[in-house]
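Residue numbers for the sequence shown follow UniProt numbering, beginning at 1 and rising by one.
Idealized CB from N, CA, C, for every residue including glycine.
A short write-up of the structure that comes next.
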Amino acid sequence: KMTVTLGYWKIRGLAANLRYQLAYSDIKYEMVEYEQGDAPDFNSDCWFGVKRTLGFEFPNLPYLIDGDLKLTETLAIHEYLADKYKPELLGSTPEVRAHVSMTSAILSSLKNAVTGPCYGGDDRTVITKAVNKNLPKIVEYLGKKTFLVGDEVTYIDFYFFELLHLILLLHPTVFEEHPSLKTYSDTMSNLSGLKEYLSDASSIDNNRPFNNKCAHQNGSAKFC
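What follows is the structure, encoded as structure tokens:
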């Protein structure tokens, strides 16, 4: 059985969510990691020195190689893995799939608003403001649904699940403020395949920080 290759920095970043989907979908994969150098230079030549030599049309991290396919962009990789290996993760109807696309854009913006300030300084108030501004709308949208867009898990749930744990690290009261997010996180944590991955102490995402070495707020490698 052919394995796919996932390439990313040696962090959780934008790859943990993909690894969750790979685990849930029981897709065998090889991980290629690029480790940023230590302070003060934080040398990144391990990636930037090779990024244009690997045959990608839009070189970036994360990347996926599956046979002849070479793909970049996180959400495109999520969608492709669902489409090829577990189509039910795309959503069962045009309406559900439309909501997956919509929430993908919403969550991507929130991810950027939370991660960006981690690299800019030690002040978490910017992150708190971004969370307080954007998360209540997402909580309202989630409502009493089991998963983000309905009662069926879709690929965007893996992205949201990881984003929640980054927010939890930086804004530790988030589950107290929004109990439905704790319920949602617990449901995700118990999905077959993902549960085993998360409970395995040797799993990559139990041994990686969220952010790269140059981030002022680098986070713990452990689940909070």
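Residues bridged to residue i by DSSP?
| i | result |
| --- | --- |
| G7 | V32 and Y63 |
| T72 | Y63 |
Taking the alpha-carbon positions, what's the residue i to residue j distance?
| i | j | result |
| --- | --- | --- |
| A215 | L163 | 17 angstroms |
| G67 | V4 | 7 angstroms |
| L22 | K28 | 7 angstroms |
| P136 | T74 | 24 angstroms |
| L18 | K51 | 20 angstroms |
| R208 | G193 | 20 angstroms |
| P40 | P179 | 41 angstroms |
| C224 | L169 | Any reading at C224 needs caution, since the residue's pLDDT is 31, under 50, leaving its predicted position unreliable; the model's value is listed next. Those two C-alpha atoms are separated by around 6 angstroms. |
| I138 | L181 | 10 angstroms |
| A82 | D38 | 36 angstroms |
| G219 | G13 | With a pLDDT of only 46 at G219, under the threshold of 50, the placement of this residue in the model should not be trusted; the figure read from the coordinates follows. For G219 and G13, the distance between alpha carbons rounds to 11 angstroms. |
| P59 | K144 | 39 angstroms |
Does the distance from the CB of residue i to the CB of residue j come in under 7 angstroms?
| i | j | result |
| --- | --- | --- |
| K10 | E33 | yes |
| H78 | Y155 | yes |
| I118 | N206 | The question names Ile, but residue 118 in the sequence shown is Cys. Not a contact, by the Cβ cut-off of 7 angstroms. |
| T103 | L148 | yes |
| L107 | Y184 | no |
| Q36 | S25 | no |
| L61 | Y8 | yes |
| L54 | L64 | no |
| V131 | H171 | yes |
| F48 | K213 | no |
May I ask you to report which of helix, strand or coil DSSP gives residue i?
| i | result |
| --- | --- |
| L191 | coil |
| C214 | coil |
| Y141 | helix |
| S220 | With a pLDDT of 40 at S220, under the threshold of 50, the predicted position of this residue should be treated as unreliable, though the coordinate-derived value follows. The answer is coil: DSSP assigns S220 none of H, G, I, E or B. |
| P209 | coil |
| L130 | The question names Leu, but residue 130 in the sequence shown is Ala. Of the three classes helix, strand and coil, the one that applies to A130 here is helix, per DSSP. |
| P94 | helix |
| H99 | helix |
| G49 | coil |
| T183 | helix |
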